[in-house]
Amino acid sequence: MNNRSSVLLVVLALIVFIGSQSLYIITERERAVQLRFGEVVNNDVRPGLHFKLPFVDTVRRFDGRVLTNVSRPERFLTVNQEPVNVDAFVKWRIVQPRDYYAATAGDELAASERLSALANDGLRSAFGTRTLYEVVSGERDQLMLEIRDRVDLLGREALGVEVVDIRIKGIDLPQEVSNNVYTRMATDREKLATEIRARGSEQAEGIRANADRQRTEIVANAFRQAQITRGEGDAIAAQVYAQAFSQDEEFYSFWRSLQAYRDSFGTGDLLVLEPQSEFFQYLNDGLGGRR
3 MNNRSSVLLV
13 VLALIVFIGS
23 QSLYIITERE
33 RAVQLRFGEV
43 VNNDVRPGLH
53 FKLPFVDTVR
63 RFDGRVLTNV
73 SRPERFLTVN
83 QEPVNVDAFV
93 KWRIVQPRDY
103 YAATAGDELA
113 ASERLSALAN
123 DGLRSAFGTR
133 TLYEVVSGER
143 DQLMLEIRDR
153 VDLLGREALG
163 VEVVDIRIKG
173 IDLPQEVSNN
183 VYTRMATDRE
193 KLATEIRARG
203 SEQAEGIRAN
213 ADRQRTEIVA
223 NAFRQAQITR
233 GEGDAIAAQV
243 YAQAFSQDEE
253 FYSFWRSLQA
263 YRDSFGTGDL
273 LVLEPQSEFF
283 QYLNDGLGGR
293 R
C-alpha cells in the first residue's frame, strides 16, 4: 500500500468519524435538547435526523413515553382528623425538554422524587378538606381530577412535565384506627339490631293482641250461633215429642222407656233400683202396668 492510499484511508476514516459526530437521530420515543458549550441551543429536538457541530454540540436524550411514578404509601389526615394511609401512583411525560433539563439535569429519579412531593402535597390538601367517606367513595373521581389538574399545573411550571393521571391504589386505616372503627361499627350495628328487634317485638305483640281479639270474637260468635242453633233444635225436638205424645201417649211412653233401657244397661254402671219401680214397668208387665 503506497502513501497515497494510506492518506486516502485516513481522510475517509476522518470524514466518517466527523460525520458520525455531526449527525444524530431522535426516535419517536425520545425527547431531547441540543447543547453548545453547556448552553441550550435547541429547546426541543423533534424526532428525525439532525445535524450538530462535532466536539462543540452535545445532545441530551430523555424518555418521551408516559412514565409511571410509584411511591411508598403516605399518611394523610381527613377533615375529621382521621389518619389514612394512601397508596397512589402518578403517570407523567416530558412536554418541555428544556425546562425538564434545567430543573433536573436530565435525572429521571430526581424528577420522580420532586413529582412525588407535588402529588403528596396535592393529596394532603385534598384529604384535609374532605371526610373519609368522600375520599373513599363519595367524591373519589372528582377528587382525582382536581388533584391531577393541580399537580399538572405545578409539574409544567416546575419540571416541564405533563401529569397524565393520578390514581389511588388503596386507602387503608392505620391498625390502631382500624380497631376503633371496627369496634364503633360493631356497636352501631348492635344498636341498630336492638332497635329493629324492639320494633319487631312491638309489632309482634300488636299482631298477637289483634289475633287474640279476633279469636275471642270468632269463638263468641260461634258459641252464640251454636246456642241459637241448639235452642232451635231443642224447640223442634220438643215440638216433635209433643206431636208424638199427643198421637199415642202409651206408645210414646213405651218408646222413651226403651231409650232409657238402652242408655242405662251395658254401661258397666251399678244401678240400685226396686224391681217394682216405674223404671221396670215395661219389663215386669208387657202392658206397662195396665191390667
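Residues 3 to 293 in the numbering used here are what the sequence shown spells out, letter by letter.
Backbone N, C-alpha and C fix where the C-beta goes; we use that ideal spot for every residue, glycine too.
Runs of the beta strand (DSSP E) lying entirely within the region 37–101 and spanning at least 3 residues, in chain order: 41–47, 50–53, 59–65, 69–72, 76–79 and 85–96.
As DSSP reads the structure, residue 164 sits in a beta bridge with 95.
DSSP, reduced to helix, strand and coil, places residue 175 outside both helices and strands of the structure shown, so it counts as coil. One thing to note: residue 33 has its Cβ no nearer than 8 Å to the Cβ of residue 81. About 7 Å separates the CB atoms of residue 162 and residue 97; that is less than 8 Å, so the two are in contact. Linking residue 136 to residue 38 through their CA atoms gives a straight-line distance of about 52 Å. In the assembly as shown, residue 54 is a buried residue. Its beta-carbon has 16 or more other beta-carbons within 10 Å. Its chain contains 77, 79, 176 and 179 as the residues whose beta carbon lies nearer than 7 Å to that of residue 85, once the 5 sequence neighbours on both sides are disregarded; these appear in chain order.
Beyond the five residues adjoining it in sequence on each side, residue 106 comes within less than 8 Å, by CB distance, of 112, 113, 116 and 161 in the same chain, given in chain order. Rounded to whole angstroms, the Cβ separation of residue 150 and residue 168 is 5 Å, and the two are in contact under 8 Å. Residue 132 sits in coil when the DSSP states are folded into three classes, being neither helix nor strand.
Rounded to the nearest whole angstrom, the C-alpha separation of residue 10 and residue 26 is 25 Å. Taking 8 Å as the upper bound for CB-CB distance, residue 153 and residue 121 are in contact here, some 5 Å apart.
In terms of CA proximity to residue 35, 63 leads the group 14, 29, 63 and 56. The beta carbon of residue 246 sits closer than 7 Å to the beta carbons of 254 from its chain, once the five residues preceding and following it are set aside; these are given in chain order.
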